[in-house]
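Asks:
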Amino acid sequence: MEIFFAREIDGTFCHLTEEESAHCVKVLRHREGDEIHVIDGEGTFYTCRLCDASPKGATAQILEVEKDWGAHPYHLSMAVCPTKNNDRYEWFAEKATEMGLDRIAPVIGEHSERRVFKTERLAKILLSASKQSLKGAIPQISEPLSVKEFIKECDAELKLICYCFEEETLRRSIKEVLAEKAAENCTIAILIGPEGDFSRDEAKLAMENGFIPVHLGDSRLRTETAALTATAAVYFNYMK
């Protein structure tokens, strides 16, 4: 199924972006009268008929509307420290989108080696992954902030932090915690640290603010692998 993206939707027509219009008309050779499928990035899927096949601004008349297309029964925010190699972070974001998440928050930890993160390229990857995996909603990308700022601002119902060391509060399996506490339509936030892990001050602050310390098994995982493993744990927890 070919899926296109439109920001401008007025209830009767979908107006494709210039990039999407060029792909629709020049690459895929769609013409007036063809049926196409469009998402708005917020969860709605439109079946449309192309009425203006301009490669700079195609317009399609809306025939049918489906809300919450490809939705999942939870709201997941992944707060993940940027990796030294940006390709690894993009790989995580793409695959996590395919499984199902709602927000990616790049966070800068006290041990982070990469302290500057640009979101423009990542937005394109998330759009492509959403279309490929048949989802109407595109995950949001937050502007980078510090780990401590994220901890203080986070208002999710279930808050988890993954780190490698033991503190006074022992870490539990993420699988066990999700099975016990993740209800239908639960808002979940998961913190994943940098290559050098969270500092003990960050971990302490997280627990003071309601984060539950969890582990992802016995293997030591790279940041991007840990982030995808945590995303998959949530995905499988809700799978029927």
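For the sequence shown, position 172 (counting from the first letter as 1) is numbered 171 according to numbering that gives the first Met the number 0, and the numbering increases by one without interruption.
Just so it is clear, CB atoms sit at the ideal spot from N, CA and C, and this is done for glycine as well.
Values in this document were obtained by computation on a predicted structure and should not be read as measured data.
Report all residues from its chain with a CB closer than 6 angstroms to the CB of H74; omit the five preceding and five following residues, and keep chain order.
Replies: Only D101 and T186 meet the Cβ criterion.
Asks: Out of I211, K130 and E201, which one is the CA nearest neighbour of H110?
Replies: For the residues I211, K130 and E201, the minimum Cα distance to H110 belongs to E201.
Asks: Could you tell me the alpha carbon to alpha carbon distance between G69 and A136, rounded to whole angstroms?
Replies: Approximately 8 angstroms, taken between the alpha carbons.
Asks: Please report how far the alpha carbon of Y162 lies from the alpha carbon of K203, in whole angstroms.
Replies: Each residue's Cα considered, the two are about 11 angstroms apart.
Asks: Starting from I211, trace the alpha helix (DSSP H) in both directions and tell me its first and last residue.
Replies: I211 -> not in any alpha helix (DSSP H); beta strand (DSSP E) instead, spanning I211 to H214.
Asks: Under a Cβ-count criterion, where at least 16 other Cβ atoms within 10 Å of its own Cβ denotes burial, should G209 be classed as buried or exposed?
Replies: So G209 counts as exposed.
Asks: Specify, as a first and last residue, the run of the beta strand (DSSP E) that T65 falls within.
Replies: In the sequence under discussion, the amino acid at residue 65 is Glu, which differs from the Thr named in the question. Looking at the DSSP string, the run of the beta strand (DSSP E) that includes E65 is T58 to E65.
Asks: Any idea if D86 is buried or exposed, counting beta-carbon neighbours within 10 angstroms, 16 or more meaning buried?
Replies: Under this definition D86 is an exposed residue.
Asks: Excluding the 5 residues flanking I61 on each side, which residues of the same chain have their C-beta closer than 7 angstroms to its C-beta?
Replies: Around I61: T11, F12, C13, Y45 and C47.
Asks: Is the separation between the beta-carbon of L15 and that of D33 shorter than 8 angstroms?
Replies: No, the Cβ-Cβ distance between L15 and D33 is not below 8 angstroms.
Asks: Considering only C-alpha positions, which residue in the set S53, A182, D196 and R171 is nearest to L215?
Replies: Of the candidates S53, A182, D196 and R171, the one whose C-alpha sits nearest the C-alpha of L215 is R171.
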